[in-house]
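Numbering-wise (full-length UniProt numbering), the sequence shown opens with residue 1 and increments by one.
Cβ atoms here follow ideal geometry from the backbone N, Cα and C, with glycine treated the same way.
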Amino acid sequence: MRDDAPTDIQSRNDVHSIVDAFYRDIADDPVLGSYFADIDLESHVPKLVDFWTSVVFQSATYRGQPFEAHAALDGLEGRHFRRWLDRFETTVDARFAGTNADRMKQRARQIATIFQSKLGVLDETDVARRFQQRTS
Ligand code: HEM
């Protein structure tokens, strides 16, 4: 194996590096930017590090109601979630590979599906396409 081959996510610090990179330029994103224009990343990032640390290491550091934050956002559609997931997966894949990285991406897809379903904007063909990608 080459020394610079990606390793798996192993610590809260690793999770922090993903969350940091994911949000760094998000206010400039052409699809998602407007939703993050007024977000205080100083307080948002630690919350998200807790959330993803809980997911990846199956610990209980995050206590919250993640859907509620999204129910309050106007005009969210499937295209926003597709963009969010593409950005998220690219950010993870650029840095890590392995079971924990896979778990993080899989949970993101599941949660995005649940959010879209609750918001009434779930595109069934998109779900089928992603399911096929996972099983083929
Ligand atoms: C269309 C895509 C999305 C947009 C535009 C979006 C936007 C936002 C915004 C604006 C907030 C509130 C930030 C704040 O007030 O501090 C937030 C919070 C959050 N988001 Fe998202 N989000 C999206 C998708 C997702 C997905 C797919 C997940 C999980 C897999 C997620 C996880 C969270 C969590 C955990 C919080 C913190 C909730 C809390 O306050 O405890 N988001 N998001």
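Along the chain, where does the alpha helix (DSSP H) containing residue i start, and where does it finish?
i           : result
residue 138 : This structure cannot speak to residue 138, because the chain is shown only from 1 to 136.
Ser34       : 33-36
Ala21       : 12-24
Quickly, what does DSSP pair residue i with across the bridge? List them, please.
i     : result
Phe96 : Thr7
Would DSSP call residue i helix, strand or coil?
i      : result
Glu77  : coil
Leu48  : helix
Pro66  : helix
Gly60  : The sequence shown places Ala at residue 60, not Gly. Note: Ala60 maps to coil in three-state DSSP.
Leu122 : coil
Ala72  : coil
Asp86  : helix
Asp28  : helix
Contact defined as beta carbons within less than 8 Å: I believe residue i pairs with residue j. What is the distance between those atoms, to the nearest angstrom?
i     : j      : result
Glu89 : Val121 : Contact flag wrong, Cβ pair sits at about 20 Å.
Val56 : Asp20  : Rounded, the Cβ-Cβ distance is 15 Å, inconsistent with contact.
Val92 : Ile18  : 6 Å
Asp8  : Ala101 : 6 Å
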